[in-house]
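Those protein sequences? They're chains A and B, same order as listed. Residues in the first sequence are numbered from 58 upward in steps of one, following our numbering. Residues in the second sequence are numbered from 58 upward in steps of one, following our numbering. Here is the structure we will look at, set down as structure tokens.
Number of protein chains: 2
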Amino acid sequence: MAPRYLTGDAAGLKSFLDKFDVVFLFDCDGVLWSGDYLFPGTVETLELLRGRGKQVVFVTNNSTKSRVDYQKKLTGLGIPSNPEEIFCSSYSASIYISRILKLPADKRKVFVIGETGIEQELRSENVPFIGGTDPALRRDITPEDYKRIAAGDDPSVIDPEVGVVLVGLDFHINYLKIALAYHYVKRGAIFLATNIDSTLPSSGSLFPGAGSMSAPLIMMLGQDPVALGKPSQAMMDAIEGKFHFDRSRACMVGDRLNTDIRFGIEGKLGGTLAVLTGVSSKEEILTGTVQPAAYLDKLSDLLEAES
Amino acid sequence: MAPRYLTGDAAGLKSFLDKFDVVFLFDCDGVLWSGDYLFPGTVETLELLRGRGKQVVFVTNNSTKSRVDYQKKLTGLGIPSNPEEIFCSSYSASIYISRILKLPADKRKVFVIGETGIEQELRSENVPFIGGTDPALRRDITPEDYKRIAAGDDPSVIDPEVGVVLVGLDFHINYLKIALAYHYVKRGAIFLATNIDSTLPSSGSLFPGAGSMSAPLIMMLGQDPVALGKPSQAMMDAIEGKFHFDRSRACMVGDRLNTDIRFGIEGKLGGTLAVLTGVSSKEEILTGTVQPAAYLDKLSDLLEAES
Numbered sequence: 058m059a060p061r062y063l064t065g066d067a068a069g070l071k072s073f074l075d076k077f078d079v080v081f082l083f084d085c086d087g088v089l090w091s092g093d094y095l096f097p098g099t100v101e102t103l104e105l106l107r108g109r110g111k112q113v114v115f116v117t118n119n120s121t122k123s124r125v126d127y128q129k130k131l132t133g134l135g136i137p138s139n140p141e142e143i144f145c146s147s148y149s150a151s152i153y154i155s156r157i158l159k160l161p162a163d164k165r166k167v168f169v170i171g172e173t174g175i176e177q178e179l180r181s182e183n184v185p186f187i188g189g190t191d192p193a194l195r196r197d198i199t200p201e202d203y204k205r206i207a208a209g210d211d212p213s214v215i216d217p218e219v220g221v222v223l224v225g226l227d228f229h230i231n232y233l234k235i236a237l238a239y240h241y242v243k244r245g246a247i248f249l250a251t252n253i254d255s256t257l258p259s260s261g262s263l264f265p266g267a268g269s270m271s272a273p274l275i276m277m278l279g280q281d282p283v284a285l286g287k288p289s290q291a292m293m294d295a296i297e298g299k300f301h302f303d304r305s306r307a308c309m310v311g312d313r314l315n316t317d318i319r320f321g322i323e324g325k326l327g328g329t330l331a332v333l334t335g336v337s338s339k340e341e342i343l344t345g346t347v348q349p350a351a352y353l354d355k356l357s358d359l360l361e362a363e364s
Numbered sequence: 058m059a060p061r062y063l064t065g066d067a068a069g070l071k072s073f074l075d076k077f078d079v080v081f082l083f084d085c086d087g088v089l090w091s092g093d094y095l096f097p098g099t100v101e102t103l104e105l106l107r108g109r110g111k112q113v114v115f116v117t118n119n120s121t122k123s124r125v126d127y128q129k130k131l132t133g134l135g136i137p138s139n140p141e142e143i144f145c146s147s148y149s150a151s152i153y154i155s156r157i158l159k160l161p162a163d164k165r166k167v168f169v170i171g172e173t174g175i176e177q178e179l180r181s182e183n184v185p186f187i188g189g190t191d192p193a194l195r196r197d198i199t200p201e202d203y204k205r206i207a208a209g210d211d212p213s214v215i216d217p218e219v220g221v222v223l224v225g226l227d228f229h230i231n232y233l234k235i236a237l238a239y240h241y242v243k244r245g246a247i248f249l250a251t252n253i254d255s256t257l258p259s260s261g262s263l264f265p266g267a268g269s270m271s272a273p274l275i276m277m278l279g280q281d282p283v284a285l286g287k288p289s290q291a292m293m294d295a296i297e298g299k300f301h302f303d304r305s306r307a308c309m310v311g312d313r314l315n316t317d318i319r320f321g322i323e324g325k326l327g328g329t330l331a332v333l334t335g336v337s338s339k340e341e342i343l344t345g346t347v348q349p350a351a352y353l354d355k356l357s358d359l360l361e362a363e364s
């Protein structure tokens with residue numbers, strides 16, 4: 058069935074909103090705002106949904122921020138929220154490691170490529186980790202490093218308790234970190250990624266995303282990571298684990314077909330709603346292999362349901 | 058035809074050596090030496106070939122060294138050579154840029170991800186470049202960088218004369234360099250790689266190779282680079298351009314089936330000879346899709362032809 062265009066269709070909007078009366082999952086950047094620019098009508102639209110008793114959930118693949126960081130961002134933009142409503146890929150990954158993976162007692166440490174968001178969420182789940190923002194790894198590789206990493210017999214270089222490598226967006230990625238991550242996986246660690254978005258939208262353009270941090274390892278290992286962000290259903294399972302909702306009465310709203318909309322479709326949500334204020338274009342929505350149930354020019358067109 | 062095992066087969070070795078009476082192309086690491094360890098008999102074997110009037114050529118995908126650097130390495134290991142006999146991927150790439158690519162006069166600059174070897178070879182071909190070992194790029198990305206890179210209107214940030222992005226092994230790879238390389242290619246620069254070996258052998262183990270530096274860009278761009286190292290025939294063309302030899306009377310010797318042996322086969326050389334002192338195993342040689350004409354336990358088994 059072709060995606061239904063709901064902008065300007067007040068009756069269609071009303072029935073759409075009535076149908077998904079439980080949960081609205083929102084991608085954020087490209088839907089609610091772009092970078093630091095809040096789209097007009099975002100706050101009012103969220104109020105409309107909350108006023109009708111719908112649970113609002115913010116679902117983001119951004120792994121550099123923790124839920125607490127993310128709430129600060131929402132607050133700074135004037136969007137009321139609480140941390141319980143926020144699911145970021147660093148949180149999804151931490152839950153996966155602490156609750157789903159059955160790690161042996163002597164292999165419970167995580168080697169992190171990423172920023173503080175991941176570290177905060179791992180701490181919140183009591184998962185021990187090394188790497189991440191450790192300044193000791195923000196340096197060039199030395200001839201001595203090659204020998205010690207290859208030998209692998211010094212626990213201060215290759216920690217034998219590392220059972221997981223978790224890769225997220227790291228603005229301080231370097232050769233040493235990639236080399237260490239590779240050696241941990243070769244020695245048996247599980248290869249996880251917070252998400253595999255190749256790019257990060259910023260300043261109206263694109264920059265390297267978390268997927269680009271995993272790319273060297275994928276090439277070296279010939280192995281893809283288990284990715285915990287959208288469209289991974291590990292994230293949907295985590296959301297359902299908290300809210301226990303009826304999927305047929307939930308709707309995913311997003312701007313990216315291959316992450317957001319696919320996330321909703323594969324999660325068997327009742328509805329998927331695309332907006333044209335982000336990455337995917339109208340043409341892609343109408344001709345792509347992943348199609349939403351409905352689409353709008355912009356999120357605030359939902360306000361027309363009130364008219 | 059199954060690869061012929063020549064170790065201990067003096068008659069077979071003699072006829073093999075007689076057949077390829079013009080040029081022997083040698084991969085180096087894993088064939089002549091491993092790391093800093095020279096295999097016994099390497100010097101004598103090269104002497105045997107030279108004594109029989111064969112041209113010896115050293116062909117390496119190592120892009121961190123120039124030909125001059127590489128000769129120093131050969132000399133340090135006790136292997137007589139001259140720079141004319143050495144083809145490294147940084148040289149191959151420089152020749153490709155200066156002699157094959159027809160760059161517009163205002164797009165002749167190369168943005169380099171890599172070390173001094175590439176810079177030296179670009180200089181030897183009078184190719185202007187930026188990036189590389191420039192200390193100004195060995196730093197974290199700043200919020201200001203995002204804006205200026207995205208805007209692209211400041212020639213001190215995004216140089217409008219860059220027409221090529223050349224990616225080799227860079228021990229100082231970072232987020233800023235990847236972001237800049239991505240933006241140059243998006244603005245029309247040609248995407249080249251010295252080579253795409255995903256790993257670099259060192260200390261008896263593997264570390265990130267030049268291909269791992271291209272991997273984030275490949276993922277972000279959805280585009281592969283033109284790679285100039287083995288098995289790219291751009292490298293074979295460069296070698297033939299210098300020595301003007303009869304390919305049917307030349308032989309490629311190497312330890313990696315998917316680079317060295319494939320390089321010789323696709324270059325339609327008369328012979329390919331694998332040795333078991335490097336990456337590929339006997340099993341891979343006998344069962345792989347890329348098979349050499351012959352193989353030896355070790356290069357110095359060629360000395361048995363003298364016995």
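Using N, Cα and C, we set each Cβ at its ideal position, and we do this for glycine too. Fair warning: this is a prediction, and the values are worked out from it, not measured in the lab.
(request) Report the residue from B/LEU194, B/GLY108, B/GLY321, B/VAL184 whose alpha carbon sits nearest the alpha carbon of B/ILE235. (result) Here residue 235 of chain B refers to the residue found at position 178 of the second sequence. Out of B/LEU194, B/GLY108, B/GLY321, B/VAL184, B/LEU194 has the C-alpha closest to the C-alpha of B/ILE235.
(request) Using the DSSP secondary-structure output, state which residues sit across from B/TYR239 in a beta bridge. (result) What you label residue 239 of chain B is simply residue 182 of the second sequence in a count that begins at 1. Paired residues: none, contrary to the question.
(message) So A/THR256 contacts chain B; which residues on that side make the cut at Cβ distance below 7 Å?
(response) Position 199 of the first sequence, counting from 1, holds the residue named residue 256 of chain A. Those are MET277, listed as they occur along chain B.
(message) Based on DSSP bridge pairs, tell me the residues matched to B/PHE168.
(response) Taking the second sequence and counting its residues from 1, the one referred to as residue 168 of chain B is at position 111. Per DSSP, B/ILE187, B/VAL222.
(request) Inspect the beta-carbon positions of B/THR102 and B/SER337 and report whether they are closer than 8 Å. (result) Along the second sequence, read from residue 1 onward, the residue named residue 102 of chain B stands at position 45. Along the second sequence, read from residue 1 onward, the residue named residue 337 of chain B stands at position 280. Their beta carbons are not under 8 Å apart, which means B/THR102 does not touch B/SER337 by this criterion.
(message) Tell me the residue span of the beta strand (DSSP E) that contains B/TYR352.
(response) Start at 1 with the first residue of the second sequence, and residue 352 of chain B comes out as number 295. 351-353 is the span of the beta strand (DSSP E), which, as asked, contains B/TYR352.
(message) Can you pull the chain A neighbours of B/TYR239, defined as C-beta to C-beta under 9 Å?
(response) Translated into the one-based positions of the second sequence, residue 239 of chain B becomes position 182. Under the 9 Å cutoff, chain A gives THR256, LEU263, PHE264, PRO265, SER269.
(message) Tell me which residues of the region 183-200 of chain A have at least one Cβ-Cβ distance to chain B shorter than 8 Å, keeping chain order.
(response) Of all residues in the region 183-200 of chain A, ASP197, ILE198 have a Cβ within less than 8 Å of some Cβ in chain B.
(request) Using 10 angstroms around the beta-carbon of A/ILE275, count the other beta-carbons present and answer buried if the total reaches 16, otherwise exposed. (result) Stepping through the first sequence from its first residue, residue 275 of chain A is reached at position 218. Burial call: buried.
(request) Compute the Euclidean distance between the alpha carbons of A/PRO282 and B/GLY92, then round it to the nearest angstrom. (result) In the first sequence, counting from the first residue as 1, residue 282 of chain A sits at position 225. In the second sequence, counting from the first residue as 1, residue 92 of chain B sits at position 35. Rounded to whole angstroms, A/PRO282 to B/GLY92 spans 31 Å at the Cα level.
(request) Let me know if B/TYR127 comes out buried or exposed under the rule of 16 or more other beta-carbons within 10 Å of its beta-carbon. (result) Residue numbering aside, residue 127 of chain B sits at position 70 when the second sequence is read from its first letter. Buried, because 16 or more other Cβ atoms sit within 10 Å of the Cβ of B/TYR127.
(request) Check each candidate in B/TYR239, B/PRO200, B/GLY209 and name the one with the smallest Cα separation from B/LEU223. (result) Residue 223 of chain B sits at position 166 when you count from the first residue of the second sequence. Measuring from the Cα of B/LEU223, the nearest candidate turns out to be B/TYR239.
(message) Strictly under 8 Å for the Cβ-Cβ distance: is B/PHE96 near chain A by that measure?
(response) Locating residue 96 of chain B in the second sequence gives position 39, counting from the first residue. Look at B/PHE96: its C-beta is not under 8 Å from any C-beta on chain A.
(request) Provide the residue span of the beta strand (DSSP E) that contains B/PRO265, from first to last. (result) Within the second sequence, residue 265 of chain B is the residue found at index 208, counting from 1. Boundaries of the beta strand (DSSP E) around B/PRO265: 262-265.
(message) Check whether the region 290-303 of chain B and the region 190-205 of chain B touch, using three or more Cβ-Cβ pairs below 8 Å as the test.
(response) For the pair of segments examined, the region 290-303 of chain B was found not to touch the region 190-205 of chain B: the number of CB pairs separated by less than 8 Å stays below three.
(request) May I have the straight-line CA-CA distance separating B/ALA68 from B/ARG107, to the nearest angstrom? (result) Residue mapping note: residue 68 of chain B aligns to position 11 of the second sequence, counting from 1. Residue mapping note: residue 107 of chain B aligns to position 50 of the second sequence, counting from 1. When rounded, the separation of the alpha-carbon atoms in B/ALA68 and B/ARG107 is 20 Å.
(message) Just to confirm my understanding: we take B/ILE154, look at its own chain, exclude 5 residues before and 5 after, and list those with CB closer than 8 Å. What are they?
(response) One-based indexing of the second sequence puts residue 154 of chain B at position 97. Hits under 8 Å: LEU160, VAL167, LEU179, GLU182, VAL184, VAL221, LEU223, LEU249.
(request) Go ahead and label A/GLY279 buried or exposed: buried means 16 or more other beta carbons lie within 10 angstroms of its beta carbon, across all protein chains shown. (result) Counting from one through the first sequence, the residue named residue 279 of chain A turns up at place 222. A/GLY279 sits exposed, since fewer than 16 C-beta atoms from the chains shown fall within 10 Å of its C-beta.
(request) Check A/SER337 in the structure and name its three-state DSSP category. (result) Taking the first sequence and counting its residues from 1, one reaches residue 337 of chain A at position 280. Correct three-state label for A/SER337: coil.
(message) Does A/GLU172 pass the burial test, meaning 16 or more other C-beta atoms within 10 Å, or should it be called exposed?
(response) Here residue 172 of chain A is taken as the residue at index 115 of the first sequence, counted from 1. Buried: at least 16 other Cβ atoms inside 10 Å.
(request) With a threshold of 16 other CB atoms inside 10 Å of the CB of B/MET309, please say whether the residue is buried or exposed. (result) As a first step, residue 309 of chain B must be located in the second sequence, where it is residue number 252. That one is buried.
(request) Could you list which residues in chain A have their beta carbon closer than 7 Å to that of B/PHE168, in chain order? (result) Reading the second sequence from its first residue, position 111 is the one you call residue 168 of chain B. Ordered by position in chain A, no residue passes the 7 Å Cβ test against B/PHE168, which lies about 15 Å from the chain.
(message) Run through the DSSP bridge pairs and tell me what B/PHE73 is partnered with.
(response) Counting from one through the second sequence, the residue named residue 73 of chain B turns up at place 16. Bridge partners of B/PHE73: none, in fact.
(request) Please look up how many angstroms separate the CB atoms of A/PHE81 and A/LEU89, rounded, as I've assumed it's under 8 Å. (result) Your numbering for residue 81 of chain A matches position 24 in the first sequence. Your numbering for residue 89 of chain A matches position 32 in the first sequence. Between A/LEU89 and A/PHE81 the Cβ distance is about 12 Å, and since that is not below 8 Å, they are no contact.
(message) Distance check for A/GLY133 and B/GLY209, CA to CA, integer angstroms please.
(response) The count along the second sequence starts at 1 and reaches residue 209 of chain B at position 152. The count along the first sequence starts at 1 and reaches residue 133 of chain A at position 76. Distance between the alpha carbons of B/GLY209 and A/GLY133: 29 Å.
(request) Tell whether a beta-carbon distance below 8 Å holds between A/ALA331 and A/ILE322. (result) Position 274 of the first sequence, counted from the start, is the residue given in the question as residue 331 of chain A. Position 265 of the first sequence, counted from the start, is the residue given in the question as residue 322 of chain A. At least 8 Å separates the beta-carbon of A/ALA331 from that of A/ILE322.
(request) Keeping to the same chain, check which residues put their C-beta closer than 8 Å to that of B/LEU237; ignore five residues upstream and five downstream. (result) By 1-based counting over the second sequence, the position of residue 237 of chain B is 180. PHE168, GLY188, LEU194, ILE206, ILE215.
(message) Quick check: what's the CA-CA separation for B/SER259 versus B/CYS85?
(response) As a first step, residue 259 of chain B is located in the second sequence; it is residue number 202 there, counting from the start. As a first step, residue 85 of chain B is located in the second sequence; it is residue number 28 there, counting from the start. B/SER259 and B/CYS85 have their C-alpha atoms roughly 13 Å apart.
(request) Please state whether DSSP places B/ARG61 in a helix, a strand or coil. (result) As a first step, residue 61 of chain B must be located in the second sequence, where it is residue number 4. Reduced to three states, the DSSP call for B/ARG61 is strand.
(request) Compare the C-beta of B/ALA59 with all C-beta atoms of chain A and state if any pair is closer than 8 Å. (result) Taking the second sequence and counting its residues from 1, the one referred to as residue 59 of chain B is at position 2. Answer no: the Cβ-Cβ gap between B/ALA59 and chain A never drops below 8 Å.
(message) Is there a C-beta anywhere in chain A that falls below 8 Å from the one on B/ASN118?
(response) Taking the first residue of the second sequence as position 1, residue 118 of chain B is located at position 61. With its beta carbon at least 8 Å from every one in chain A, B/ASN118 lies outside the interface.
(message) Is there a C-beta anywhere in chain B that falls below 8 Å from the one on A/ILE235?
(response) Along the first sequence, one-based indexing puts residue 235 of chain A at 178. A Cβ of chain B is located within less than 8 Å of the beta carbon of A/ILE235.
(message) Going by DSSP in three states, B/ASP294 sits in which element: helix, strand or coil?
(response) Residue numbering aside, residue 294 of chain B sits at position 237 when the second sequence is read from its first letter. In the structure shown, B/ASP294 sits in a helix (DSSP, three-state: H, G or I).
(message) Given this structure, state the Cα-to-Cα distance separating B/GLY324 from A/VAL219, to the nearest angstrom.
(response) Counting from 1 along the second sequence, the entry for residue 324 of chain B is found at position 267. Counting from 1 along the first sequence, the entry for residue 219 of chain A is found at position 162. Each residue's Cα considered, the two are about 45 Å apart.
(request) With a cut-off of 8 Å on the beta carbons, I'd call A/ALA351 and A/PHE73 a contact; round off their distance for me. (result) What you label residue 351 of chain A is simply residue 294 of the first sequence in a count that begins at 1. What you label residue 73 of chain A is simply residue 16 of the first sequence in a count that begins at 1. About 6 Å; that satisfies the 8 Å criterion.
(request) Sort A/THR334, A/ASP254, A/ALA307, A/SER262 by Cα distance to A/LEU353 and report the nearest one. (result) Here the question's residue 353 of chain A lines up with position 296 in the first sequence. When the alpha-carbon of A/LEU353 is set against those of A/THR334, A/ASP254, A/ALA307, A/SER262, the nearest one is in A/THR334.
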